[in-house]
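**Q**
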Amino acid sequence: LFLAALAHDMDHTGQNNSFHVQSFSSLSIQYNDKSVLEQHSAASLFSTLTDPRHCILDTLNLQDYGTVRKIVLSCILDTDLSAHQLIN
Numbered sequence: 049l050f051l052a053a054l055a056h057d058m059d060h061t062g063q064n065n066s067f068h069v070q071s072f073s074s075l076s077i078q079y080n081d082k083s084v085l086e087q088h089s090a091a092s093l094f095s096t097l098t099d100p101r102h103c104i105l106d107t108l109n110l111q112d113y114g115t116v117r118k119i120v121l122s123c124i125l126d127t128d129l130s131a132h133q134l135i136n
């Protein structure tokens, strides 16, 4: 959870998802208009973690790594408030 919290706005562009979708930005195209910034942050995090200088998860076995990755991705993607229904 801590890792997801640290990375949820990683490499943020300063615009919102709506801007990216409406302007057909390269990120919007890459992530098919769905949770553009959240997907980009998650991808940036795991790309960074493949760098030998930053591979803090390298001691995990494949199963544990997969579990951590799944949780972190879910936490980051869930920060896209447009994916949540409004409660009346």
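First residue of the sequence shown? That's 49 in our numbering, and the numbers climb one at a time after it.
Quick reminder that beta carbons are idealized off the backbone N, C-alpha and C, glycines included.
#1: Mind checking whether residue 124 and residue 91 have CB atoms under 7 Å apart?
#2: Residue 53: buried (16+ other C-beta within 10 angstroms of its C-beta) or exposed?
#3: Per DSSP, what kind of secondary structure is residue 88 in: helix, strand or coil?
#4: The alpha helix (DSSP H) spanning residue 123 covers which residue range?
#5: For the alpha helix (DSSP H) that contains residue 65, what are its first and last residues?
**A** Quick look at the numbers:
#1: no
#2: exposed
#3: helix
#4: 110 to 125
#5: 65 to 70
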